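If you're matching them up, the sequences are chains H and D in order.
Quick note: the first sequence uses the numbering used here, first residue 255, plus one each step.
Quick note: the second sequence uses the numbering used here, first residue 255, plus one each step.
Don't be surprised by glycine CBs; every beta carbon is placed ideally from N, CA and C.
All figures in this text were calculated on a predicted structure; none of them were measured in a lab.
Worksheet for the structure shown next.
Protein chains: 2
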Amino acid sequence: MTKRAVILVSGGLDSATTLAIAKGQGYSCYALSFDYGQRHRCELQAAVKLVQRMGVAEHKILPLDLAGIAGSALTDLSVAVPQQPAEGIPVTYVPARNTVFLSLALGWAEVLGAFDIFIGVNAVDYSGYPDCRPEFIQAFEKMANLATRLGVEQQPFKIRTPLINLSKAEIIKQGIALGVDYGLTVSCYDPDEEGKACGVCDSCRFRAAGFKAAGIKDPTRYR
Amino acid sequence: MTKRAVILVSGGLDSATTLAIAKGQGYSCYALSFDYGQRHRCELQAAVKLVQRMGVAEHKILPLDLAGIAGSALTDLSVAVPQQPAEGIPVTYVPARNTVFLSLALGWAEVLGAFDIFIGVNAVDYSGYPDCRPEFIQAFEKMANLATRLGVEQQPFKIRTPLINLSKAEIIKQGIALGVDYGLTVSCYDPDEEGKACGVCDSCRFRAAGFKAAGIKDPTRYR
Numbered sequence: 255m256t257k258r259a260v261i262l263v264s265g266g267l268d269s270a271t272t273l274a275i276a277k278g279q280g281y282s283c284y285a286l287s288f289d290y291g292q293r294h295r296c297e298l299q300a301a302v303k304l305v306q307r308m309g310v311a312e313h314k315i316l317p318l319d320l321a322g323i324a325g326s327a328l329t330d331l332s333v334a335v336p337q338q339p340a341e342g343i344p345v346t347y348v349p350a351r352n353t354v355f356l357s358l359a360l361g362w363a364e365v366l367g368a369f370d371i372f373i374g375v376n377a378v379d380y381s382g383y384p385d386c387r388p389e390f391i392q393a394f395e396k397m398a399n400l401a402t403r404l405g406v407e408q409q410p411f412k413i414r415t416p417l418i419n420l421s422k423a424e425i426i427k428q429g430i431a432l433g434v435d436y437g438l439t440v441s442c443y444d445p446d447e448e449g450k451a452c453g454v455c456d457s458c459r460f461r462a463a464g465f466k467a468a469g470i471k472d473p474t475r476y477r
Numbered sequence: 255m256t257k258r259a260v261i262l263v264s265g266g267l268d269s270a271t272t273l274a275i276a277k278g279q280g281y282s283c284y285a286l287s288f289d290y291g292q293r294h295r296c297e298l299q300a301a302v303k304l305v306q307r308m309g310v311a312e313h314k315i316l317p318l319d320l321a322g323i324a325g326s327a328l329t330d331l332s333v334a335v336p337q338q339p340a341e342g343i344p345v346t347y348v349p350a351r352n353t354v355f356l357s358l359a360l361g362w363a364e365v366l367g368a369f370d371i372f373i374g375v376n377a378v379d380y381s382g383y384p385d386c387r388p389e390f391i392q393a394f395e396k397m398a399n400l401a402t403r404l405g406v407e408q409q410p411f412k413i414r415t416p417l418i419n420l421s422k423a424e425i426i427k428q429g430i431a432l433g434v435d436y437g438l439t440v441s442c443y444d445p446d447e448e449g450k451a452c453g454v455c456d457s458c459r460f461r462a463a464g465f466k467a468a469g470i471k472d473p474t475r476y477r
């Protein structure tokens, strides 16, 4: 049987590249997205289009009430998205987001017998989020193998982070080589209803600089 | 300001006792329950009644689509609840359940500035669930303090497991001393619509034996 993997797919540049890498490594891919009260539906729509274009064994979209626990500019409409870089962990940080996403991915992975879970976190352009660092990923993996029936009884789960040490330009070059259509992806923290990017938030800036450094024409749709 | 704590409250005997202990320690208690496709609504109804009776600062019930990732007799109606003890991790195990519950509790705790998270896991009568063991709890706590802004920048989160080394009889004695009305709690894996217990599943057996060993009249409503 082809090895199965669960891939967290947000609809952004990093997760699209991560999915392409997992597919390139021969995994049967189970894409997992969350409907968690993102500011705009276009991010989820991008995930659906990407996954359809790239092809996966299954795409699951789980509803998740992160807005119910609130506290971030990405889910709380009363917090403004900043347009200038700031020191420390930014207001766009969603409390425990990657922990929650990986936990649900782990549950699904256990049901599927998929021992590889891919997440497109990045520690270079990580924007100050604590849950994008390698030490977090290692601690999660260790916890996961104490938490689960399969991890305890069969073989360890692995959290795969193929982008963790890459620059944005390196990520883009790898994705282009694997045929990713970045025109489909949405990275902006504050896109308009059609998915057009603001061009000024942290995420837009990292992305634009990445295309420039990679020497690749930026396919992002700006408003 | 009174110290805040998030308490996972399922509506069962263990979480009711855990809430009573947290209240007894002087915390301002934020109760968190999940609507995750349990077999019967009476478990959540028990949580609501318990929390109203005992008094908390807030009770949040988060919807959670664990049935969407399926695979357990507790959420999947096509898997029968066993009526005899079996070797190893039982079919009533829900994949990564405590990991998911604790992750969402962590997110809410970070929003509240609550550094203590209480969960009523028990390693004595733990019924073979890997995510009830002390080594899991320790690994989760370590991960949590790498995952979160407050854990990194302010002070560590603590996962409090006051029942972890107690027998069911000891748990019951402690809860009775704190005034818990166990008649309100539902522990059965397969209760009827009124919350009446089957008396034969693992959870019912542990509970009944606990009351007997504690020398306390069993207030459970059996059908």
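Which residues mark the beginning and the end of the beta strand (DSSP E) in which residue i is found?
i             : result
residue 312/H : 312-317
residue 479/H : Absent from the model: residue 479/H. The displayed extent of chain H is 255 to 477, so no value can be given.
Excluding the 5 residues preceding and the 5 following residue i in the sequence, name in chain order all residues of the same chain whose CB lies nearer than 6 angstroms to its CB.
i             : result
residue 425/D : 271, 417
residue 410/H : 399
residue 378/D : 421
residue 374/H : 268, 269, 272, 417
residue 370/D : 259, 412, 414
residue 314/D : 286
residue 276/D : 259, 261, 283, 372
residue 488/H : This structure gives no information on residue 488/H, because the portion of chain H shown stretches from 255 to 477.
residue 477/D : 446, 450
residue 475/D : 450
residue 318/H : 288, 290
residue 350/H : none
residue 432/D : 274, 278
Looking only at its own chain, which residues have a Cβ that is under 8 angstroms from the Cβ of residue i, when we skip the five neighbours before and after it?
i             : result
residue 366/H : 258, 260, 284
residue 406/H : 399, 400
residue 256/H : 280, 281, 282
residue 316/D : 286, 287, 288, 289, 358
residue 404/H : 364, 367, 369, 411
residue 312/D : 284, 285
Cβ closer than 7 angstroms: which chain D residues qualify as neighbours of residue i?
i             : result
residue 319/H : 316, 317
I want to verify the contact list: residues of chain H whose CB lies under 9 angstroms from the CB of residue i, in sequence order.
i             : result
residue 357/D : 350, 353, 354, 355, 356, 357, 358
Where do the ends of the alpha helix (DSSP H) carrying residue i lie?
i             : result
residue 269/H : 267-278
residue 472/D : That residue, residue 472/D, is in no alpha helix (DSSP H); it is neither H nor E in DSSP.
residue 285/D : It is not in any alpha helix (DSSP H) - residue 285/D instead sits in the beta strand (DSSP E) that spans 282-289.
residue 305/H : 296-308
Name, please, each residue of chain H whose Cβ falls closer than 7 angstroms to the Cβ of residue i.
i             : result
residue 396/D : 393
So with CB distances below 8 angstroms, who are the chain D contacts of residue i?
i             : result
residue 323/H : 314, 316, 358, 361, 362, 365
residue 414/H : Within 8 angstroms Cβ-Cβ: nothing; residue 414/H doesn't reach chain D, min ~17 angstroms.
residue 387/H : 400
Given residue i, which residues of its chain have a CB within under 7 angstroms of its CB, disregarding the five upstream and five downstream residues?
i             : result
residue 468/H : 423, 426, 427
residue 307/H : 435, 438
residue 472/H : 462, 465
residue 310/H : 283, 284, 285
residue 430/H : 470
residue 264/D : 287, 297, 301
Output, in chain order, the set of chain H residues within a Cβ distance shorter than 8 angstroms of residue i.
i             : result
residue 295/D : The premise fails here: residue 295/D is roughly 18 angstroms from chain H at the closest Cβ pair, so nothing lies under 8 angstroms.
residue 390/D : 397, 400, 401
Does at least one heavy atom of the ligand FMN sit under 7 angstroms from the Cβ of residue i?
i             : result
residue 434/H : Only the bare structure without any ligand can be found here, which leaves the ligand FMN out of the picture.
Subject >> the region 419-433 of chain H touching the region 430-446 of chain D, judged by at least three CB pairs closer than 8 angstroms >> reply: no
Subject >> Unbroken stretches of the alpha helix (DSSP H), 4 residues or longer, contained in the region 365-412 of chain H >> reply: 388-401, 403-407
**OP:** Please specify which runs of the alpha helix (DSSP H), each continuous and at least 4 residues long, are wholly inside the region 420-465 of chain H, giving them in chain order.
**Re:** 422-431
**OP:** Specify whether the region 455-465 of chain D and the region 294-304 of chain D touch according to this definition: at least 3 beta carbon pairs, one from each stretch, less than 8 angstroms apart.
**Re:** no
**OP:** Specify whether the region 383-390 of chain H and the region 387-405 of chain D touch according to this definition: at least 3 beta carbon pairs, one from each stretch, less than 8 angstroms apart.
**Re:** yes
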